[in-house]
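Chains as they are written, first to last, in my numbering: chain W, 1 to 292; chain Z, 293 to 584; chain L, 585 to 1023. Even for Gly, the Cβ is constructed at its ideal location relative to N, Cα and C. Values in this document were obtained by computation on a predicted structure and should not be read as measured data. What follows is a set of notes on a single structure, which appears directly below.
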Amino acid sequence: MNALRSRRFIWMGLGPTLILYALFVFVPVIWSAYYGFFNWSGIGEAKYIGLGNYAEILRDPVFWRALKNNVIFVAASVFGQVPIALVLAVLLHKSNMLQRFLRSAIFLPMVLSTVVIGMIWQYIYHPQIGILNFLLDALGLGSWKLEWLSDRGIAIYSLIPPLIWSYVGLYLIIFMSALQNIPGEIHDAAKIDGASGGRKLVSILLPMIKNTVQVAVILCISGSLKSFDLVYIMTKGGPAHASELLATYMYNSTFTTYRYGFGSAISTTIMLISLLLIGTSQWLTSRKKDAS
Amino acid sequence: MNISTPAALRTDGDGPRFSLRRLGRIIFWTVLTLYGILTLYPFLWLLISSFKTNADFYNRPFGLPETWHADNFSRAWDSSRLGTAFGNSLIVTLGSLLLTLFVAALSSFILARFQFRGKGGILAFFVVGMLIPIHSTLVPLFILMKQMSMLNTYWALILPYTAFALPTAIFILTAYLTSIPKELEEAAFIDGTGLWGLFFRIMLPVSLPALSTVTILSFLHAWNDFSFALVFINKTGLKTLPLAIANFADGYQTDYGLTLAAMTLSVIPTIILYLLFQEQMMKGMTAGAVKG
Amino acid sequence: MRMNKWISMLCAVSLLALLLAGCGGNGADEKNGGNGDKVSITIWHNWTGQDAKAVAMRQIIEDFQADNPDIEVIDEGIPTDGLKTRLRTVAAADEMPDLFVMWPDAMTKEFVKGGLLQPINDELDAKPEWKNNFIPNALDGYTVDGNIYSVPMNLAPSSFIYYNDALFKEHGVKVPETWEELEAAVQTFKEKNVIPIVLGNKANWVAQSTLFSTLADRITGTDWFLKTVEQDGAKFTDPEFVEALTKLKQLGELGAFQEGFNSIDETQMMQLYFQGKAAMVINGGWALANLVNNAPPEVLDNTHITILPAIEGGKGDPGTTAGVVGTGLGVSKKLTGSKKEAAMKLFYEMAGPDGQKATLNSSTLVSYNIELDKSQAHPLFVELYDLMQEVKITPVYDSKLGSAVVEVVNNGLQELLDGGKPEDIAKKIQDAQAAAVAN
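Have a look at this one:
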């Protein structure tokens, strides 16, 4: 291969991508990080206060609550969405009618707007006319009935099923496309070996789509750290901040309470935390690779 | 078509042990089917509710409509200029989709198949893009677009949608392409294919499954976006669907029949796209298996 | 390398298209500058729905357009939440539209501080018959440093008890006039398995705006509240405020509100009332249109309106309800000459006597003295209108406190009704307000 030619090709190919991305993603991010050093309402004069906003964030109990809730969300997605999607992808990677139907059904929540999903789950959890409490009553489990979204102790956990349920489809299609990359002989070989179900997944398929699983985990972490819509629609971060997430906390500071600088500082903090988490997860998976 | 026969229906093996196993499988698939139906329910709810009057929606949120108001759809279509919004959404979504696919595929090909200095840095640079809570970029992006005189044009949406879809797309595609065996391009080089030829004639077809995943994701991202469209577009003629749908809801009063009818209409293109690509992807797989 | 050239060309063409699109947009903007014969003005509003008020306001704009062929009105409707977000963004970039729907108090103050608005004193003074017909204090929320920046286009008393008289009669309960009677009513309904007061406090301002602002005023009096806002010799940790919090907490503990009230929204709150499951709902005057349009006849025909009962020993006037004047129109500072003239003309159409009349006729209360045509209005709106002739307005908490403090109050009330301690919550509110005033 001609080295000069390929170098030109590399930069010609990457150039537009980098320009587009730098201009519309990176510049605004740096810009907003810069606002984070100011006491600014978003309008008029801004006052430079150095790390003042960050100091206030660290002192704010609401921030720590939001962080804790976000960690719960990340854990639920990484250990809920990814494994469920992986198992489903292995089970459903054939193409008869039933599987085709199931695949589409599982993907469907991704298509619906979060407003609809939030609306439906609110009616499922509804304290008076909700389906869930109605079902529990019908099954004679009346004592299990809870105030799903208004009990400050459990509101954040009640948000996890809708979260997992609406995104499993995304990881399902990611894994499905990865599984197709595995040559047919390997499936056949596994069959001859008598490997099936769980064993096939762990010993043969998993190592082959390791890259994709890593990508899915990163998507999962970044996605759940940013998650906003579902919580904003279902609980508005309440009651009394019980289900506040970093992104809702940021949104409220920026657009409800006229503290633009503070909000920008929060969003920079979110990015730093995400980087830290993703770095850790990368380090963990690569360490495992070395060990094996 | 042996491959696609579901395990539960296979007739090999008899005797008590096997029929017990078969029973287990039947139960297993029944449970999965139930889960599938459960995930379909929200869509059915949306569809059914879109035929209701507001009073009907209030009084019996779960029931069938008292009378089926098919005119909700035509009223929704007329009263919020849904037709124009549909067209606008199609233009910006397809525009950003094509741009994303081309740019991301090319970059991923380079990142996955070439060794060069600064590659790790570029990859890390793209990870950051997945961590950004978009609300914090609204103000900087707005100012940027104002200076580029881009506000109130389709580009004000196409370019940011593309830029924000790039990181995820590049991640998925790079992971996928890395796992393709080296022999493929070596064979092509021996045939005398150039780099662009390699990209267009070998890499693009091979990465179809991953490309279809990216297509679905980018489409959803642009099709459902509310925040960017809200801020960067203020010409009624350029409004996209999510904005037009939001118009049915006013602070204190929402016309649920119209809103849900409009939402139902807006979901149709996504479902068509999904079915198209998902099935394409699965066909690709069976073909590959036969070839392999 | 034929392919290579192709790609380069493709890139060049798309870049060119990009630039052209940019320039195109620019050109269009300049045309709007309007130094020609036709003046164009932009107005952003939240009258997007199909309800009577929104339809009436859009009609005014359309009529204005028809009557003034030399003025081009570019109007854009955006739902309330979206409008607020959009306004915040363009404010940061100093790109306000010519006219826009603006909220009194906090938003007006911030926008004035940022130098985005121009006062309308001259226009008001030129038309005394307009200016002097607003109800007392109506312009306060739009006045900063003695300059008036807008006028309210409606009135939002925030605290009425809408009650289902059929349920009161069925269970032999008297419509409460004192706090004890309210508590007795709550107890009776609770025993009969009827929700006494349905509350939807998910969007956490509901309890504060519709219930607590009035309840607290009954106990502390308005003077105390205004002094505390200034942190002038009174504090939120004062015993009267703690007593107000305690009173609300006790009402909650008595079972006045249905289970899970912190998780359902205003829509679902009204829904439970429509279904006849609740005897009372406490909501603002704005709820009336929804009630009239969507409640089934058996509920609507039995619904009547009253104010929160008196509290014995309280310092406040019992004949009041909390409330704020409604939204007005902000006028961009950049407007001058013929553009400003055109904008002010539209302003007067919308917020002047005719606009106010149109608003009142769409079953929305106004902060302006005009007679309601009772033969045209829904009987329930007539009832509300008549009630408002006797009732005075006291400040809603969220109109007088800064937005950061309002968040603390709202979240505090959610916590209070979910077992929080009044003293702790009073302290949090006091700390927040002290910090806000010190800034």
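Those residues of the region 809-843 of chain L placed with their C-beta closer than 9 Å to a C-beta in chain W are Gln842 and Glu843, ordered along the chain. Assignment of phenylalanine 38 of chain W by DSSP, reduced to helix, strand and coil, places it in the strand class. Close CB contacts of glutamine 99 of chain W within its chain, under the 7 Å cut and outside five residues either way in sequence, are with Leu92 (chain order). Residue-level contact by beta carbon holds for tyrosine 21 of chain W and chain Z, with a gap shorter than 8 Å. In the structure shown, threonine 445 of chain Z falls within a coil segment according to DSSP collapsed to helix, strand and coil. Counting C-beta pairs closer than 8 Å gives three or more between the region 444-459 of chain Z and the region 505-524 of chain Z, which meets the contact rule.
In this chain, the beta strand (DSSP E) harbouring proline 741 of chain L covers 739-741.
Boundaries of the alpha helix (DSSP H) around glycine 996 of chain L: 987-1001. Chain Z has a Cβ within less than 8 Å of the Cβ of methionine 250 of chain W. Of all residues in the region 417-445 of chain Z, only Leu430, Val431, Phe434, Ile435, Lys438, Met440, Ser441, Met442, Leu443, Asn444 and Thr445 come within less than 8 Å of chain L when Cβ atoms are compared, listed by chain position. Put simply, the region 495-502 of chain Z touches the region 463-472 of chain Z. At least three CB pairs are less than 8 Å apart. Of all residues in the region 36-57 of chain W, only Asn39, Trp40, Ser41, Gly42, Ile43, Gly44 and Glu45 come within less than 9 Å of chain L when Cβ atoms are compared, listed by chain position.
Residue range 744-748 is occupied by the beta strand (DSSP E) that includes asparagine 748 of chain L. Distances from the alpha-carbon of serine 793 of chain L to those of L:Gly900, L:Thr905 and L:Val826 put L:Thr905 closest. Taking a C-beta distance under 8 Å as the contact criterion, glutamate 850 of chain L and valine 790 of chain L qualify as a contact pair.
In the structure shown, aspartate 151 of chain W falls within a coil segment according to DSSP collapsed to helix, strand and coil. Here threonine 904 of chain L carries a strand assignment [DSSP, helix/strand/coil]. DSSP, reduced to helix, strand and coil, places histidine 962 of chain L outside both helices and strands of the structure shown, so it counts as coil.
A buried status is given to valine 431 of chain Z, since no fewer than 16 other beta-carbon atoms sit within 10 Å of its beta-carbon.
With contacts defined by Cβ atoms closer than 8 Å, serine 143 of chain W and proline 127 of chain W do not form a contacting pair. Counting only the Cα atoms, serine 224 of chain W lies some 31 Å from lysine 438 of chain Z.
Membership of leucine 230 of chain W in the alpha helix (DSSP H) is indicated by the continuous run 229-234.
Distance from the Cα of glutamate 837 of chain L is smallest, within the candidate group L:Lys774, L:Ala638 and L:Ser743, for L:Lys774. The CB of phenylalanine 463 of chain Z comes closer than 9 Å to the CB of Val215, Ile218 and Leu219 in chain W, given here in chain order.
One alpha carbon belongs to threonine 948 of chain L, the other to glycine 868 of chain L, and they sit about 11 Å apart.
When C-beta distances to chain W are compared with 8 Å, the residues of the region 994-1014 of chain L below that value are Asn995, Gly996, Gln998, Glu999, Asp1002 and Gly1004, in chain order. Uninterrupted beta strand (DSSP E) stretches at least 3 residues long and entirely within the region 904-960 of chain L occur at 904-909 and 912-915, given in chain order. Looking from the CA of tyrosine 733 of chain L, the closest CA among L:Glu713, L:Trp763, L:Leu701 and L:Lys715 belongs to L:Leu701.
Relative to the Cα of tryptophan 121 of chain W, the nearest Cα in the group W:Ala155, W:Ser104 and W:Leu88 belongs to W:Ala155.
Secondary structure note for lysine 976 of chain L: its beta strand (DSSP E) is the uninterrupted segment 976-979. In the three-state scheme derived from DSSP, where H, G and I count as helix and E and B as strand, asparagine 731 of chain L is classed as strand. The C-beta of proline 334 of chain Z has 16 or more other C-beta atoms within 10 Å across all chains shown, which makes the residue buried. Non-local C-beta neighbours of threonine 429 of chain Z in its own chain, meaning closer than 7 Å and more than five positions away in sequence, are absent.
Using a Cβ distance threshold of 8 Å, proline 162 of chain W and isoleucine 117 of chain W count as a contacting pair.
Closer than 7 Å at the C-beta level to chain L, one finds these residues of the region 219-240 of chain W: Thr235, Lys236, Gly238, Pro239 and Ala240. Under a 10 Å Cβ-count criterion, lysine 758 of chain L is classified as exposed, with fewer than 16 other Cβ atoms of the shown protein chains found around its own Cβ.
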